[in-house]
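A short worksheet on the structure shown next.
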Amino acid sequence: MSTTLQGAEALSVPSQRWKDKVNPEGLCGRERHGNYCPKLSKKLRTVVSDLERDFFCVGWGVRQTTSDGTKGFGHFCPSKVTPCPGEGRKDSREGGIDILSKEKLPLFPPILYFRVMQKVLFIGLVWPEPTSSAAGTRIIQLVECFLSGGYEVTFASAAAKSPHSYDWEPWPVAEQSIILNDSSFDSFIKDLQPDMVVFDRFIIEEQYGWRVRETLPQAITILDTEDLHFLRKARQLASSKNESIVYHNDIAKREIASILRCDLSLMISKTEIQLLTEQFQLSSKILFYLPFLEDEIDEKRISNWKGYDDREDFMFIGNFLHEPNWHTTLILKKEIWPRLRELLPEASLHIYGAYATEKVYQLHNPKERFFIKDRADDAREAMENYRVLLAPIPFGAGAKGKLIDAMQSGTPNITTSVGAESMSIDGRWNGFIEDEWNTFVQKAQQLYRSSSLWKAMQQQSINLLNKQYSKQMFCDIFLKRIEEIQKQVHQHREGNFIGEILKSQQFNSTKYMSLWIEEKNK
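Quick note, in this note's numbering, the sequence shown goes up one by one and the last residue is 921.
So this is what it looks like as structure tokens:
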């Protein structure tokens, strides 16, 4: 991940995440006061001055930030070229820590690490709200993945922040407010010079993709689909009319066009990849399966789970701005709970969700033991108090964040085939998958009353999550895929010629609409 200069030898660099420069003259020598310091030759000084990137001098110490905004490592760097302020002599022989690789750096022999970080720009539809939706959690996980790979991350959005927007303060993430349909964005990315840009859903790619490609044609473009919006809408329409699903709708044309224009699109569901490759004949080379990136459930986590006897009642959770969550709540109110409360008079049903409106609050009825609870500050913490999650999801797409939370909190659940789509393993589930409401209610009663059944289903959470959603498993594979595309970006784009056509002027209607709006706003 770095160019290591030791003596007069420059070691090879295994990773393209760094734009490396090799300086065979870069030596470290003993100062007369006994301090070891990375010294940069005149040749290396020239290289550094020509770079428009931050660079790291990894010496012996902790991460530093200088007044000009550059960052570095080390206590023993009096050189004016390296961004590492000297702090005098130290007798410690423990060395330092490279916070990017978490590796300990020895004091002897003196080594100079010279790195130039690649930059990734995220453009968000909104500022992430992990307490509001799984989409907020998803984008934060992607940011964390890039940071773990040593990338410099900037997050930008034209949306206004809310009290629930994620606080990036503890993270080394730069924030930038941008303006929609405004050429100031062009100046912003020209100054930033990101190596890659991640679009948060296809709408953002429509709004900013053409600007990115005109200003930075070599930048790798990545679309995070979250889920296929056209699939969710098609299923919703079919459900409301009790008709078969029609995938070829107007949203499909827009969303698939966006996928084709990007170098890589991140898919959270294998079912959706199958739909795109078989139904719409898209190349698998521009699609990448990247599920939720979760910490594995370990023994410590399991030991903190509440047991069967320490939990009670049923629950559901979901952002009410998301139509499937609203319709699921209606099904619980009208179909599931009237039958289930008769079988379990000691139990209640609690509904959590962000952005509840008056129509949601009207469903609150303590006499029926049906409670609307608003948003949960921590979904997993709240879920751990309940015995069973009920999720009779009638339509939707992608993977369901609430079901990931159920796995992480050791909460068995009952959902539908749409709810568990692309999430179960050979039909095995941490609960039951049922589409018929009478059977759904019967399974809910069994799961609630039987401690042995409940405990067995809780154990399934461990297998499901650790085998399918481990971030240790997927993050490195994803970053390596990006490196592969960077090495052969021209060949990669030539292999997606339809995408190249869609980038051309005559197919760029969103560009001209944006320019028209910008001119109109002047």
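Beta carbons: idealized from backbone N, C-alpha and C, even for Gly.
Apply the 10 Å Cβ neighbour rule to residue 801 and answer buried if 16 or more other Cβ atoms are within range, or exposed otherwise. Along the sequence shown, one-based indexing puts residue 801 at 402. So residue 801 counts as buried.
If distances are taken between C-alpha atoms only, which option among 594, 525, 841 and 557 comes closest to residue 551? For this step, residue 551 is matched to residue 152 along the sequence shown. Closest by alpha carbon: 594.
Counting along the chain, where does the alpha helix (DSSP H) carrying residue 896 start and finish? In the sequence shown, counting from the first residue as 1, residue 896 sits at position 497. Residues 896 to 902.
In chain order, what residues of the same chain lie with their CB nearer than 8 Å to the CB of residue 719, ignoring the 5 residues before and after it? Against the sequence shown, residue 719 aligns to sequence position 320. Excluding its 5 nearest sequence neighbours in each direction, residue 719 has C-beta neighbours in its own chain below 8 Å: 725, 728, 752, 753, 754, 755, 756 and 759, listed in chain order.
Taking only three categories from DSSP, how would you classify residue 920? Residue mapping note: residue 920 aligns to position 521 of the sequence shown, counting from 1. When DSSP states are grouped into helix, strand and coil, residue 920 belongs to the helix group.
Let me know the secondary structure DSSP gives residue 719 once reduced to three states. Residue 719 sits at position 320 when you count from the first residue of the sequence shown. Residue state, collapsed to three classes: coil.
Should residue 614 and residue 664 be called a contact, given that it needs their Cβ atoms to be closer than 8 Å? The residue labelled residue 614 in the question sits at position 215 within the sequence shown. The residue labelled residue 664 in the question sits at position 265 within the sequence shown. Cβ distance not < 8 Å, so residue 614 and residue 664 don't count as in contact.
Count the other C-beta atoms from every protein chain shown that fall within 10 angstroms of the C-beta of residue 867, then say buried if there are 16 or more, exposed otherwise. Taking the first residue of the sequence shown as 1, we reach residue 867 at position 468. Counting the other CB atoms within 10 Å of its CB gives residue 867 a total of 16 or more, which places it among the buried residues.
Across which residues does DSSP place residue 575 in a beta bridge pair? Translated into positions along the sequence shown, residue 575 becomes position 176. According to DSSP, residue 575 bridges with 555.
Three or more beta-carbon pairs under 8 Å between the region 671 to 690 and the region 698 to 712, yes or no? no
To the nearest angstrom, how far is the alpha carbon of residue 845 from that of residue 807? Residue 845 sits at position 446 when you count from the first residue of the sequence shown. Residue 807 sits at position 408 when you count from the first residue of the sequence shown. Straight-line Cα distance between these residues: approximately 22 Å.
In its own chain, which residues sit with a C-beta less than 7 Å from the C-beta of residue 925, not counting the 5 before and 5 after it? The first residue shown for the chain is 400 and the last is 921, placing residue 925 beyond what the model contains.
In terms of residues, what are the limits of the alpha helix (DSSP H) holding residue 590? Position 191 of the sequence shown holds residue 590. Residue 590 -> alpha helix (DSSP H) spans 583 to 591.
Rounded C-alpha distance that separates residue 786 from residue 799: Start at 1 with the first residue of the sequence shown, and residue 786 comes out as number 387. Start at 1 with the first residue of the sequence shown, and residue 799 comes out as number 400. Approximately 19 Å, taken between the alpha carbons.
Boundaries (first-last residue) of the beta strand (DSSP E) holding residue 686: As a first step, residue 686 must be located in the sequence shown, where it is residue number 287. Residue 686 -> beta strand (DSSP E) spans 686 to 688.
Counting only runs that start and end within the region 784 to 825, where is the alpha helix (DSSP H) found for 4 or more residues in a row? 800 to 807
Below 8 Å between beta carbons: does that hold for residue 829 and residue 805? For the purposes of this step, residue 829 is taken as the residue at position 430 of the sequence shown. For the purposes of this step, residue 805 is taken as the residue at position 406 of the sequence shown. In contact: residue 829 and residue 805 (Cβ atoms closer than 8 Å).
Pairwise C-alpha distance: residue 898 and residue 749: What you label residue 749 is simply residue 350 of the sequence shown in a count that begins at 1. What you label residue 898 is simply residue 499 of the sequence shown in a count that begins at 1. Computed Cα separation, rounded: 47 Å.
Judging by CA-CA distance, which residue of 527, 873 and 722 is the nearest neighbour of residue 631? Translated into the one-based positions of the sequence shown, residue 631 becomes position 232. Considering only alpha carbons, the answer is 722.
State the beta-bridge partners of residue 664 as determined by DSSP. Within the sequence shown, the letter at position 265 stands for residue 664. Its beta-bridge partners are 622 and 686.
Beta-carbon spacing of residue 546, residue 562 below 8 Å: If you number the sequence shown from 1, residue 546 lands on position 147. If you number the sequence shown from 1, residue 562 lands on position 163. The Cβ atoms of residue 546 and residue 562 do not sit closer than 8 Å to each other.
Cα-Cα, which of 609, 902, 656 and 824 is closest to residue 628? Against the sequence shown, residue 628 aligns to sequence position 229. Nearest of 609, 902, 656 and 824 to residue 628, Cα basis: 656.
From residue 788 to residue 636, what does the alpha carbon distance come to, in whole angstroms? As a first step, residue 788 is located in the sequence shown; it is residue number 389 there, counting from the start. As a first step, residue 636 is located in the sequence shown; it is residue number 237 there, counting from the start. Distance between residue 788 and residue 636, taken at the CA atoms: about 26 Å.
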